[in-house]
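Participant: Residue numbers for the sequence shown follow the numbering used here, beginning at 889 and rising by one.
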Amino acid sequence: DTLWDLAIAEVEKRKNPDNDGVKPGDTWEKSILFMGNKNGGKTTIILRCLEREESPKPTLALEYTFGRRARRHNMPKDVAHFWELGGGTSLAELIRIPITSHNISSFAVVLVLDLSKPNELWTTMESLLQVTRNHVNKILTKLEKTNPEVAAEIKQRMWSDLQRDHPDYALVDPFPIPLVIIGSKYDIFHEFDSEMRKIISKTLRFVSHYYGASLVFTSKSEALLLKARALINHLAFGYDKSKSVSVDPSKPLFIPAGLDSMSQIGPPPASDSDLGKMRANTPLELWKKVFERTFPPK
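Now the structure itself:
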């Protein structure tokens, strides 16, 4: 865009304020942090979201790029800031750089887990989500003192995908900011033994539902990347949220936040006598024990 185009767009915008919650003169601005397994496919997903044709290079530490979209002709473009954490879990402390008290209310996290490496799956997920949650909670504690309205709004939004009459309302612990969990390399995962696939799928469904997250399985296939892109573009640019759900264990999972339930997921995949012997303080801990019995962490 030339400076002249931008000036014309600005004048148009002041003449025709639009009504979708963004005041004239405002642009929609969101930030998303991608994190997950090393070489898990994060960069590929970001490039597809931004419709860039370049080939992905390894991400060394923390990388930044952005995308812009116009909601209508002659409208200023909305901006989405895309951050990517490289190095798997080794650089988790860098999470503090992109997530700040200034952008926390417009921030979301995309956790990319490599389905072809189930022995790394739980450890990667647990350590990255823990570091992120601790950092976000510190920011929220400060905001409660300095800007209680924003803090209250974020807390209210945590529960927005789960209606109060949802049977699992008391059983879940939503992540403090929007979260999408992507299971990548579905093409390799699809070749696994069906029992292994079932354990991984059920566990990820439980974890996603427990954290109030959306879940999607993806691979290099264009159709699956488009599904992941739809979830991410909803967070980045406010595009309509998909209502379609796929829970068939023989197909790639696609479950937007709030559309699953404990009764549909079922108990952890172990016999009643085995479950009885496992000592766990929370449902999450029980699922972890069952999962790591089949896939001990490396």
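Just so it is clear, CB atoms sit at the ideal spot from N, CA and C, and this is done for glycine as well. Since we're looking at a predicted model, the values are computed, not measured.
In terms of residues, what are the limits of the alpha helix (DSSP H) holding Ala1111?
Facilitator: Counting along the chain, the alpha helix (DSSP H) containing Ala1111 begins and ends at 1110–1125.
Participant: For Pro1062 versus Trp1047, is the C-beta spacing smaller than 8 Å?
Facilitator: Going by C-beta atoms, Pro1062 is nearer than 8 Å to Trp1047.
Participant: Checking the sheet assignment: what are the DSSP bridge partners for Phe1094?
Facilitator: Answer is none; Phe1094 lacks a bridge partner.
Participant: Within 8 Å, do at least three Cβ pairs link the region 1067–1082 to the region 995–1009?
Facilitator: Touching, per the Cβ criterion.
Participant: Check whether the region 964–973 and the region 1039–1055 touch, using three or more Cβ-Cβ pairs below 8 Å as the test.
Facilitator: Result no; under three Cβ-Cβ pairs closer than 8 Å.
Participant: If distances are taken between C-alpha atoms only, which option among Lys1186, Gln1152, Leu1114 comes closest to Leu935?
Facilitator: The candidate whose alpha carbon is nearest that of Leu935 is Leu1114.
Participant: Please classify Tyr1074: does DSSP put it in a helix, a strand, or coil?
Facilitator: In the structure shown, Tyr1074 sits in a helix (DSSP, three-state: H, G or I).
Participant: Please report the residue range of the alpha helix (DSSP H) in which Gly1164 lies.
Facilitator: Segment 1160–1165, the alpha helix (DSSP H) holding Gly1164.
Participant: Spatial neighbours of Ile1153 within its chain, please: C-beta separation below 7 Å, excluding the five flanking residues on both sides.
Facilitator: Taken in chain order, the residues that qualify are Lys1090, Arg1093, Phe1094, His1097.
Participant: State the Cα-Cα distance for the pair Gly928 and Lys1073, rounded to the nearest angstrom.
Facilitator: Their backbone Cα atoms lie some 8 Å apart in a straight line.
Participant: On the criterion of 16 or more Cβ atoms from any shown chain inside 10 Å, does Met1084 qualify as buried, or is it exposed?
Facilitator: Per the 10 Å Cβ criterion, exposed.
Participant: Which two residues bound the contiguous alpha helix (DSSP H) that contains Glu981?
Facilitator: From DSSP, Glu981 is part of no alpha helix (DSSP H); its letter is neither H nor E.
Participant: Taking the Cβ atom as the reference point for each residue, do Pro1185 and Trp916 lie within a distance shorter than 8 Å?
Facilitator: No, the pair does not count as a contact, with Cβ atoms beyond the cut-off.
Participant: Buried or exposed for Gly909, going by 16 or more other Cβ atoms inside 10 Å?
Facilitator: Confidence is the limiting factor: at Gly909 the pLDDT is only 48, short of 50, which leaves the residue's position unreliable, though a coordinate-based value still follows. It is exposed - the Cβ of Gly909 has fewer than 16 other Cβ atoms within 10 Å.
Participant: Does DSSP put Val1133 in a helix, in a strand, or in coil?
Facilitator: Of the three classes helix, strand and coil, the one that applies to Val1133 here is coil, per DSSP.
Participant: Any idea what DSSP makes of Arg957, helix, strand or coil?
Facilitator: DSSP places Arg957 in strand when its eight states are reduced to three.
Participant: According to DSSP, is Ser1151 part of a helix, a strand, or is it coil?
Facilitator: Three-state DSSP puts Ser1151 in a helix.
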